[in-house]
Amino acid sequence: MEKPEFFIQLPFKLNEDANPIKASHPGMTPDDLVLAREECNQLLALGLIEPTKSNWACPAFYVNKRTEQIRGKKRLVIDYKALNHFLLDDKFPLPKTKVLFSYLAKAQIFSKFDLKSGFWQLGIDPNDRYKTAFCLPNAQYQWTVMPFGLKVAPSLFQKAMIKIFEPILHTTLIYIDDILLYTQDQPTHAKLLQQFYDIVQAHGVMLSDKKSFIGQPNIDFLGMKFIDGRYQPGPHITQELLKFPEENLTTKEIQQFLGIVNYIKDFIPECSRYTSQLSKLLKKEPPPWGQVQTMALQKLKQVCQQPLPLKIPVQATGSYKRMPVMSFGVLFIEEENGGNTSVDMLVDSSKTLKNTTMQSTRRF
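First residue of the sequence shown? That's 1 in full-length UniProt numbering, and the numbers climb one at a time after it.
Next up, the structure:
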């Protein structure tokens with residue numbers, strides 16, 4: 001998208017002396033240096049980066065963690081920590097996935113698209129490009145497009161996509177570079193697709209052909225599989241849990257494991273009963289790893305492999321008043337629709353319930 005109206009600006013924080021930081025590169029192995037120069041030559045040829053004499057220069061280096069090892073290719077990353085410290089935060093919110101999912105309760109036909117190269121589709125304002133400068137041993141470049149690693153990138157990209165696809169947002173979900181079109185019937189879906197393609201062409205948005213799915217009765221979106229008003233975690237999420245060791249996880253591994261479990265906790269009976277044992281290991285003075293933690297980890301791996309599909313909660317249109325009741329996470333929700341007021345009693349699954357049994361849900 002080369003339209004100036006979508007060029008990204010990177011303002012610095014107010015009242016802070018943003019002194020340029022030009023890092024001295026720690027060096028690369030000969031093989032990594034050859035690989036980095038090849039990558040940068042490709043980026044230069046595509047016009048995504050350009051040589052620079054900027055006073056800024058954040059170091060670029062290769063990572064070869066588990067994800068990279070699985071795909072068999074190292075990844076060139078840039079440490080923008082110094083620049084991010086001075087960049088003004090962008091407050092545009094990313095949508096909550098549960099809220100997005102609620103809009104699909106009545107959807108029957110889906111089309112999913114992935115934006116090719118993601119952030120690179122947004123240009124950087126020429127006056128701000130110097131801030132994105134990065135260095136290799138004996139080389140320095142700056143980006144003409146928005147690079148990965150900037151703290152403001154997700155919010156800025158989401159904001160741009162919302163602006164571009166505003167005419168069809170009532171039947172379109174956008175989460176950064178993932179786009180989902182949804183309708184209740186084929187004729188309506190055909191019209192929506194035409195509107196979508198018109199917008200894509202008008203703004204020069206690039207789509208990934210390999211990741212496009214058109215007019216499907218079921219779809220995978222943001223790690224969940226949707227069909228006929230129900231959803232459940234995709235198998236790749238639950239299988240990811242099996243890759244963790246059986247015991248003695250590091251602090252980082254525990255955080256990663258619990259992060260995945262937290263995303264699918266609604267599908268796991270008594271989830272907090274097991275996660276609480278692992279969460280104890282993240283405290284300031286954690287207990288040693290014991291049999292209790294091993295059993296909790298194994299149980300979570302087991303129950304996560306066959307998550308039951310749940311009915312998609314409908315996005316209500318009324319106003320809400322949420323009030324905590326006692327201390328175990330029960331909420332009263334007051335809903336007002338057309339002058340009617342009702343009170344429901346729900347359980348907040350993020351809380352641990354101790355010696356508590358909910359016999360029924362009362363509606364007044």
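We put the CB at the ideal spot given by N, CA and C, even for glycine.
Closer than 7 angstroms by C-beta to Q293: which residues in its own chain qualify, once you throw out the five before and the five after it? Chain order, please. Residue mapping note: residue 293 aligns to position 293 of the sequence shown, counting from 1. So the list reads Q277, L278 and L281, once near-sequence residues are dropped.
**Request:** Using a threshold of 8 angstroms, state whether the C-beta atoms of Q140 and T52 are closer than that.
**Result:** For the purposes of this step, residue 140 is identified with residue 140 of the sequence shown, where counting begins at 1. For the purposes of this step, residue 52 is identified with residue 52 of the sequence shown, where counting begins at 1. Cβ atoms of Q140 and T52: closer than 8 angstroms.
task = Take the Cβ of H189 as the centre, count every other Cβ of all protein chains shown within 10 Å, and call the residue buried at 16 or more, exposed below.
result = Along the sequence shown, read from residue 1 onward, the residue named residue 189 stands at position 189. Counting Cβ neighbours within 10 Å, H189 comes out buried, since at least 16 surround it.
Discussion item. Counting C-beta neighbours from all protein chains within 10 Å, is the total for I153 16 or more, i.e. buried, or is it exposed?
Written reply: Here residue 153 is taken as the residue at index 153 of the sequence shown, counted from 1. This sequence places Ala at residue 153; Ile is not what is there. Under this definition A153 is a buried residue.
| query | Rounded to whole angstroms, how far is the Cβ of C58 from the Cβ of D79, which I believe are closer than 8 angstroms? | reply | Taking the first residue of the sequence shown as 1, we reach residue 58 at position 58. Taking the first residue of the sequence shown as 1, we reach residue 79 at position 79. About 5 angstroms separates the two Cβ atoms, so the contact holds.
* To do: Buried or exposed for A202, please, with buried defined as at least 16 other CB atoms from any protein chain shown within 10 angstroms of its CB.
  => Locating residue 202 in the sequence shown gives position 202, counting from the first residue. Exposed.
- Item | Which residues DSSP lists as bridging N172, in chain order | Residue 172 sits at position 172 when you count from the first residue of the sequence shown. The sequence given here has Thr at residue 172, not Asn. Paired residues: L181.
Does the beta carbon of D178 fall short of 7 angstroms from some heavy atom of the ligand HEM?
In terms of ligand content, the structure shown is empty, and the ligand HEM therefore cannot be addressed.
Worksheet item: To which residues of the same chain is A18 closer than 7 angstroms at the C-beta, ignoring the five residues directly before and after it?
Response: Here residue 18 corresponds to residue number 18 of the sequence shown, with the count starting at 1. Once the five neighbours on either side are set aside, the close Cβ partners of A18 are F12 and F86.
For W143, which of helix, strand or coil comes out of DSSP? The residue labelled residue 143 in the question sits at position 143 within the sequence shown. W143: strand per DSSP, three-state reduction.
Between the region 117-127 and the region 21-30, do at least 3 Cβ pairs fall closer than 8 angstroms? no
According to DSSP, is T356 part of a helix, a strand, or is it coil?
Looking up residue 356 in the sequence shown gives position 356. Residue placement at T356 cannot be trusted, given a pLDDT of 34 that sits under 50; what the coordinates show is reported in the next sentence. Residue state, collapsed to three classes: coil.
Would you kindly report the start and end of the unbroken alpha helix (DSSP H) that includes Y62?
Sequence index remark: in the sequence shown, residue 62 carries index 62 (1-based). From DSSP, Y62 is part of no alpha helix (DSSP H) but of the beta strand (DSSP E) over C58 to V63.
query = What is the rounded straight-line gap between the Cα of T171 and the Cα of Q216?
reply = Looking up residue 171 in the sequence shown gives position 171. Looking up residue 216 in the sequence shown gives position 216. Straight-line measurement puts the Cα of Q216 at about 15 angstroms from the Cα of T171.
Report task. Helix, strand or coil for Y130, going by three-state DSSP, please let me know. Result -> Indexing the sequence shown from 1 puts residue 130 at position 130. In this structure, Y130 counts as helix in the three-state DSSP scheme.
| said: Residues in the same chain with beta-carbon distance under 7 angstroms from L104, minus the five sequence neighbours each way, listed in chain order, please. | reply: Translated into positions along the sequence shown, residue 104 becomes position 104. If we look at L104 and ignore the five residues flanking it on each side, its Cβ neighbours are Y182, F226 and I312.
Who are the Cβ neighbours of P20 in its own chain at under 7 angstroms, not counting the five residues just before and after it? One-based indexing of the sequence shown puts residue 20 at position 20. Closer than 7 angstroms at Cβ, skipping near neighbours: N55 and W56.
- Query: From this set, I176, S155 and K191, which residue's C-alpha is nearest I168's C-alpha?
  - Reply: Position 168 of the sequence shown, counted from the start, is the residue given in the question as residue 168. Of the candidates I176, S155 and K191, the one whose C-alpha sits nearest the C-alpha of I168 is K191.
To which residues of the same chain is D125 closer than 6 angstroms at the C-beta, ignoring the five residues directly before and after it?
Position 125 of the sequence shown, counting from 1, holds the residue named residue 125. So the list reads F7 and Q9, once near-sequence residues are dropped.
Query - Closest residue to L310 among M224, V34, K65 and Q194 (Cα-Cα distance) - result: Counted from its first residue, the sequence shown places residue 310 at position 310. Looking at the Cα atoms, M224 is the closest of the given residues.
Among F92, K98 and K73, whose alpha-carbon lies nearest the alpha-carbon of Y263?
To locate residue 263, count along the sequence shown from 1; it is residue 263. Comparing Cα-Cα distances from Y263 to each of F92, K98 and K73, the minimum goes to K98.
| request: Give me whichever residues DSSP pairs with V77 in a beta bridge. | output: The residue labelled residue 77 in the question sits at position 77 within the sequence shown. In the DSSP output, where bridge partners are listed per residue, V77 has F61.
Requested in this report: Kindly list the residues whose CB is nearer than 6 angstroms to the CB of V303, restricted to its own chain and excluding five residues on each side of it in sequence; keep chain order.
Outcome: Here residue 303 refers to the residue found at position 303 of the sequence shown. Around V303, the same chain offers I268 as residues with beta carbons nearer than 6 angstroms, after the five sequence neighbours per side are excluded.
For S155, which residues does DSSP report across the bridge? To locate residue 155, count along the sequence shown from 1; it is residue 155. According to DSSP, which records beta bridges pairwise, S155 is partnered with nothing at all.
Tell me whether the beta-carbon of D228 lies closer than 8 angstroms to the beta-carbon of D178.
The residue you call residue 228 lines up with position 228 of the sequence shown. The residue you call residue 178 lines up with position 178 of the sequence shown. No.
Quick check on this structure: which residue in P235, V145, P137 and K211 has the alpha carbon closest to the alpha carbon of T29? By one-based count along the sequence shown, residue 29 stands at place 29. Residue P137 is the option with its Cα nearest to T29.
- prompt: Taking the alpha carbon of K96 as the point to measure from, which residue in K106, S155 and A107 has its own alpha carbon closest?
  reply: By one-based count along the sequence shown, residue 96 stands at place 96. Selected option, being the one with the closest Cα: S155.
key: Closest by C-alpha distance to M161, when choosing among Q194, I199 and D128   = Taking the first residue of the sequence shown as 1, we reach residue 161 at position 161. It is I199 whose Cα lies nearest to the Cα of M161.
Quiz prompt | Integer Cβ distance of L94 from Q158, believed to fall under 8 angstroms | solution = Looking up residue 94 in the sequence shown gives position 94. Looking up residue 158 in the sequence shown gives position 158. Confirmed, about 6 angstroms.
Self-check item: Assigned secondary structure, I214 (DSSP; H/G/I helix, E/B strand, else coil)
Solution: For the purposes of this step, residue 214 is taken as residue 214 along the sequence shown, with counting starting at 1. Correct three-state label for I214: strand.
When DSSP builds the beta bridges, which residues end up paired with I8? What you label residue 8 is simply residue 8 of the sequence shown in a count that begins at 1. Per DSSP, I124.
| field | Residues bridged to D114 (per DSSP) | value | Counting from 1 along the sequence shown, the entry for residue 114 is found at position 114. D114 is bridged to D178.
By how many angstroms is the C-alpha of M206 removed from the C-alpha of K116? Here the question's residue 116 lines up with position 116 in the sequence shown. Here the question's residue 206 lines up with position 206 in the sequence shown. Roughly 6 angstroms between the two C-alpha positions.
Could you check which residue in S272, P245 and R230 has the C-alpha nearest to that of I101? For the purposes of this step, residue 101 is taken as the residue at position 101 of the sequence shown. Here residue 101 is Phe; the residue named in the question, Ile, does not match the sequence. Looking at the Cα atoms, R230 is the closest of the given residues.
Q.
Based on DSSP bridge pairs, tell me the residues matched to D220.
A. The residue you call residue 220 lines up with position 220 of the sequence shown. According to DSSP, D220 bridges with K225.
Return the chain-ordered ranges of every alpha helix (DSSP H) run that is complete within the region 243-320 and spans a minimum of 4 residues. 251-263, 271-279 and 291-303
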